[in-house]
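Read the structure below first, then the notes.
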Amino acid sequence: MEGGEHLQDQQTVQKIHRLVDDGTVPGVSWAMIDHSTVTAGVYGNEQLIPTVAPLIEGETYDVASLTKVIGTLSVILQLLAGHQLELNNSVREFIPEWQHPEVTIRHLLTHTSGITGYIPNRNQLNAADLTSALLKLDVGENFGIKMVYQDVNYLLLGWVAERILGWPIQRLIQERVLTPLGMTDSTFHPVSPEHCVPTENSATRGLLRGRVHDPKAAILGEHCGSAGLFSTKRDLVTFCRAYLNPTQATGVLPVEWVTALTQDWTPNQVGRSLGWALWESQPQPVLWQTGFTGTALVIDPATQRALVFLSNRIHPDAPNLPFLARRNDIIQSYIDEK
Numbered sequence: 012m013e014g015g016e017h018l019q020d021q022q023t024v025q026k027i028h029r030l031v032d033d034g035t036v037p038g039v040s041w042a043m044i045d046h047s048t049v050t051a052g053v054y055g056n057e058q059l060i061p062t063v064a065p066l067i068e069g070e071t072y073d074v075a076s077l078t079k080v081i082g083t084l085s086v087i088l089q090l091l092a093g094h095q096l097e098l099n100n101s102v103r104e105f106i107p108e109w110q111h112p113e114v115t116i117r118h119l120l121t122h123t124s125g126i127t128g129y130i131p132n133r134n135q136l137n138a139a140d141l142t143s144a145l146l147k148l149d150v151g152e153n154f155g156i157k158m159v160y161q162d163v164n165y166l167l168l169g170w171v172a173e174r175i176l177g178w179p180i181q182r183l184i185q186e187r188v189l190t191p192l193g194m195t196d197s198t199f200h201p202v203s204p205e206h207c208v209p210t211e212n213s214a215t216r217g218l219l220r221g222r223v224h225d226p227k228a229a230i231l232g233e234h235c236g237s238a239g240l241f242s243t244k245r246d247l248v249t250f251c252r253a254y255l256n257p258t259q260a261t262g263v264l265p266v267e268w269v270t271a272l273t274q275d276w277t278p279n280q281v282g283r284s285l286g287w288a289l290w291e292s293q294p295q296p297v298l299w300q301t302g303f304t305g306t307a308l309v310i311d312p313a314t315q316r317a318l319v320f321l322s323n324r325i326h327p328d329a330p331n332l333p334f335l336a337r338r339n340d341i342i343q344s345y346i347d348e349k
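Per this note's numbering, the very first residue in the sequence shown carries number 12; after that it's consecutive.
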């Protein structure tokens with residue numbers, strides 16, 4: 012991966028560095044793709060406790076909800092392209108235990124399902140009990156008319172894929188997405204925690220390093236399609252390049268679906284794609300997705316540009332809410348500097 016910085020991206024790089032300089036995050040790792048050129052850098056520390064350690068290239072991150080678009084969405088797009096699934100299929104066709112036939116695959120993909128409800132002691136349940144509780148959630152007044160981002164949508168999508176293909180969703184992601192794309196650093200089971208950037212210093216679980224932060228992913232394991240993936244900047248650049256050139260990854264990313272993702276796919280045009288959020292830009296919207304741990308992908312097919320942004324925003328403590336506005340400012344800066 013090439014070093015250095017493009018002149019037009021210097022303001023964005025300065026904003027990224029400022030996150031570290033003012034103590035908003037311990038460190039940042041970033042890459043910017045411009046057609047065939049990649050510029051990248053690291054800045055700051057990988058951890059602050061138990062000791063301060065500098066961030067180095069090649070470290071592995073818990074990418075949290077990037078799992079949704081990298082993994083589960085890719086598998087679902089494959090099923091759509093292969094006519095094993097249709098957008099307007101009811102979720103209940105595949106998961107009879109789900110009680111709401113009005114909820115379709117499209118609703119889950121666009122976070123317009125309106126699923127609501129509270130699960131007592133959710134993070135203390137075992138996998139079977141958590142699965143049962145999630146399948147008993149209700150559908151409320153936002154159904155079909157409002158986008159409300161929820162992990163449960165992608166948990167259900169993962170279970171739909173499991174019912175169709177017969178394997179746990181994380182295994183499907185590994186075999187149908189990560190391996191064929193050559194994302195060799197990416198895994199749901201890091202074997203070298205010392206090469207993972209730590210996340211939260213949890214009161215109940217201790218310092219999380221090489222162990223997934225998301226509580227539902229920790230409980231559900233290989234049956235979680237909403238979080239759980241660990242990856243590196245290099246692999247995320249590989250993924251973004253495949254998105255920018257889907258004809259070179261046709262076995263993994265169906266061209267007809269990937270090229271249509273910059274449009275609004277919600278039932279009532281509330282401004283969201285399948286999986287991805289849409290950031291308004293010209294000549295067409297830009298795809299973006301973030302992860303709770305402090306990660307983000309921004310993909311602009313129209314200009315053949317993409318941003319990979321990695322931080323451990325929740326180290327040592329979550330939730331670090333001031334980070335959110337700063338992250339959005341960085342994304343806006345990157346899009347504006349094109």
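Quick reminder that beta carbons are idealized off the backbone N, C-alpha and C, glycines included.
Check: What's the gap between the Cα of Leu-192 and the Cα of Leu-96?
Finding: For the purposes of this step, residue 192 is taken as the residue at position 181 of the sequence shown. For the purposes of this step, residue 96 is taken as the residue at position 85 of the sequence shown. Their backbone Cα atoms lie some 23 angstroms apart in a straight line.
Next item on the list: Could you name each continuous beta strand (DSSP E) segment of 3 residues or more that falls completely within the region 240-295, going from the start of the chain to the end?
Entry: 241-243 and 288-290
Margin query: Using the three-state DSSP reduction, which class does Gln-161 fall into: helix, strand or coil?
Written below: Translated into the one-based positions of the sequence shown, residue 161 becomes position 150. In the structure shown, Gln-161 sits in coil (DSSP, three-state: anything other than H, G, I, E or B).
Notebook entry, point to check: Taking the Cβ atom as the reference point for each residue, do Glu-233 and Ala-329 lie within a distance shorter than 9 angstroms?
Noted result: By 1-based counting over the sequence shown, the position of residue 233 is 222. By 1-based counting over the sequence shown, the position of residue 329 is 318. No, these two residues do not count as a Cβ contact at 9 angstroms.
Item checked: 9 angstroms Cβ cutoff met for Ser-322 and Ser-40 -> One-based indexing of the sequence shown puts residue 322 at position 311. One-based indexing of the sequence shown puts residue 40 at position 29. Going by C-beta atoms, Ser-322 is nearer than 9 angstroms to Ser-40.
Check: DSSP on Glu-57, reduced to helix/strand/coil?
Finding: Position 46 of the sequence shown holds residue 57. Glu-57 falls in the strand class under three-state DSSP.
Next item on the list: Decide if Pro-333 is buried, meaning its Cβ has at least 16 other Cβ atoms within 10 Å, or exposed.
Entry: Indexing the sequence shown from 1 puts residue 333 at position 322. Its Cβ having fewer than 16 others within 10 Å, Pro-333 is exposed.
Notebook entry, point to check: Quick one, which of Gly-52, Thr-123 and Thr-48 has its alpha-carbon nearest Asn-279's?
Noted result: Here the question's residue 279 lines up with position 268 in the sequence shown. It is Thr-123.
Notebook entry, point to check: Leu-30 to Ile-341, Cα distance in whole Å?
Noted result: Locating residue 30 in the sequence shown gives position 19, where the first residue counts as 1. Locating residue 341 in the sequence shown gives position 330, where the first residue counts as 1. Cα-Cα distance, rounded: 10 angstroms.
Notebook entry, point to check: Is it the case that the Cβ atoms of Phe-250 and Arg-174 are separated by a distance below 9 angstroms?
Noted result: Counting from 1 along the sequence shown, the entry for residue 250 is found at position 239. Counting from 1 along the sequence shown, the entry for residue 174 is found at position 163. No, Cβ-Cβ distance for Phe-250 and Arg-174 is not below 9 angstroms.
Checklist line | Cα-Cα separation, Thr-50 to Leu-148 | finding: If you number the sequence shown from 1, residue 50 lands on position 39. If you number the sequence shown from 1, residue 148 lands on position 137. Roughly 45 angstroms between the two C-alpha positions.
Next item on the list: Give the straight-line distance between the Cα atoms of Pro-7 and Pro-61, rounded to the nearest whole angstrom.
Entry: Residue 7 falls outside the range modelled here, since the chain spans only 12 to 349, and no answer is possible.
Check: Going straight from the alpha carbon of Ser-284 to that of Val-269, what length do you get?
Finding: In the sequence shown, residue 284 corresponds to position 273, counting from 1. In the sequence shown, residue 269 corresponds to position 258, counting from 1. Each residue's Cα considered, the two are about 11 angstroms apart.
Check: Hey, Val-74 and Thr-304: beta-carbon distance below 9 angstroms or not?
Finding: The residue you call residue 74 lines up with position 63 of the sequence shown. The residue you call residue 304 lines up with position 293 of the sequence shown. Closer than 9 angstroms, so yes.
Notebook entry, point to check: What is the rounded straight-line gap between the Cα of Arg-187 and the Cα of Gly-302?
Noted result: For the purposes of this step, residue 187 is identified with residue 176 of the sequence shown, where counting begins at 1. For the purposes of this step, residue 302 is identified with residue 291 of the sequence shown, where counting begins at 1. The straight-line gap from Cα to Cα measures roughly 22 angstroms.
Checklist line | Inter-stretch contact (C-beta, 8 angstroms, three-pair minimum) for the region 115-129 and the region 161-177 | finding: yes
Checklist line | Cα-Cα separation, Ala-253 to His-46 | finding: Here the question's residue 253 lines up with position 242 in the sequence shown. Here the question's residue 46 lines up with position 35 in the sequence shown. Approximately 12 angstroms, taken between the alpha carbons.
Notebook entry, point to check: Does DSSP put Ser-213 in a helix, a strand or coil?
Noted result: As a working note, residue 213 is residue 202 in the sequence shown. Here Ser-213 sits in strand by DSSP.
Next item on the list: Put Arg-316 into one of helix, strand or coil per three-state DSSP.
Entry: Taking the first residue of the sequence shown as 1, we reach residue 316 at position 305. Residue state, collapsed to three classes: strand.
Note to self: Would the region 198-210 count as touching the region 133-151 if we require 3 or more Cβ pairs under 8 angstroms?
What the structure shows: no
Notebook entry, point to check: Between the Cα of Ile-87 and the Cα atoms of Phe-241, Trp-290 and Val-263, which residue gives the shortest distance?
Noted result: As a working mapping, residue 87 is identified with position 76 in the sequence shown. Comparing Cα-Cα distances from Ile-87 to each of Phe-241, Trp-290 and Val-263, the minimum goes to Val-263.
Note to self: Quick check on Gly-232: does DSSP put it in helix, strand or coil?
What the structure shows: By one-based count along the sequence shown, residue 232 stands at place 221. Three-state DSSP puts Gly-232 in a helix.
Next item on the list: Quick one: using the 10 Å Cβ neighbour count with 16 as the cut-off for buried, is Pro-294 buried or exposed?
Entry: Position 283 of the sequence shown, counted from the first residue, corresponds to residue 294. Burial call: exposed.
Check: Do you know how far the Cα of Ala-214 is from the Cα of Ile-230?
Finding: Within the sequence shown, the letter at position 219 stands for residue 230. Within the sequence shown, the letter at position 203 stands for residue 214. Using only the alpha carbons, I get a separation of about 17 angstroms.
Margin query: In whole angstroms, give me the CA-to-CA distance for Leu-18 and Gly-155.
Written below: Position 7 of the sequence shown, counted from the first residue, corresponds to residue 18. Position 144 of the sequence shown, counted from the first residue, corresponds to residue 155. Any reading at Leu-18 must be qualified, since the residue scores a pLDDT of 48, below 50, and its modelled position is unreliable; the value itself is stated next. Taking the straight line from one Cα to the other gives about 44 angstroms.
Notebook entry, point to check: So what does DSSP say about Val-150, is it helix, strand or coil?
Noted result: Counting from 1 along the sequence shown, the entry for residue 150 is found at position 139. It is a strand residue.
Notebook entry, point to check: Does any CB atom of chain C fall closer than 9 angstroms to the CB of Trp-178?
Noted result: Among the chains in the structure shown there is no chain C, since it carries only a single protein chain.
Item checked: Cβ shell of His-28 (< 6 angstroms), same chain only, five flanking positions each side left out -> Locating residue 28 in the sequence shown gives position 17, where the first residue counts as 1. Only Tyr-54 meet the Cβ criterion.
Next item on the list: Mind checking who Ser-85 pairs with in its DSSP beta bridge?
Entry: The residue given as residue 85 occupies position 74 in the sequence shown. Partner(s): none; Ser-85 has no beta bridge.
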